[in-house]
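Trainee:
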Amino acid sequence: MRTQPRFKDTCTPEEIAKDKEERDQKFEEIREQAKAREAERQATKEQKREAKIQKNELKLQKNQLKIQKYQLKNRNKIKCPKCRSTNVQPLGVHKKSFSVGKAVAGTVVTGGLKVGTLAGFAGKGSKKTDFVCMNCGKTI
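Its first residue numbered 39, the sequence shown is counted upward by one per residue in the numbering used here.
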């Protein structure tokens, strides 16, 4: 390549055209290499982006499994209606015994028969447990 501006150029027009073709060919090769590198960079960026998306999807699935596991674990626990805490302790169990009021009402309804006094035993089998929330103190 004879492109030194200080010296008088003694090249023929054919040599100048040949030099220009060589220069253009080198520039074209450099452009193609740059395009190939850019395409390679884009491909690696896309691969990284896809890997990141897959990683985030796996994290999301793990979190969903953790939530489901937690919900199954706490499904049958008693919760405080006020503060939604599961820190609840039983306070005591109430057993229903013979009810005089029910017996009197049953006797009045049946007209003085002894069968009416059996109404005092109605609901005897039910048990009720009181619970107290250890966080807010509400009795359930």
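Glycine is no exception: its CB is placed at the ideal position from the N, C-alpha and C atoms.
1) Within a Cβ cutoff of 8 Å, which residues of the same chain sit near P119, ignoring the five residues on either side of it in sequence?
2) Quick check on the DSSP output: the alpha helix (DSSP H) that includes P51 runs from which residue to which?
3) Going by CA-CA distance only, name the one from E66, A143, V126 that's closest to M172.
4) Give me whichever residues DSSP pairs with V128 in a beta bridge.
5) Closest to P128 by C-alpha separation, out of F169, C121, K97, V142, would be which residue?
6) Tell me the DSSP bridge mates of T148?
7) I'd like to check one pair, T124 with N114: are the Cβ atoms closer than 8 Å?
Mentor: In short, the structure shows the following:
1) K176, I178
2) 51–111
3) V126
4) As written in the sequence, residue 128 is Pro, which differs from the Val given in the question. P128 pairs with F169.
5) F169
6) Paired residue(s): none; T148 is not in a bridge.
7) no
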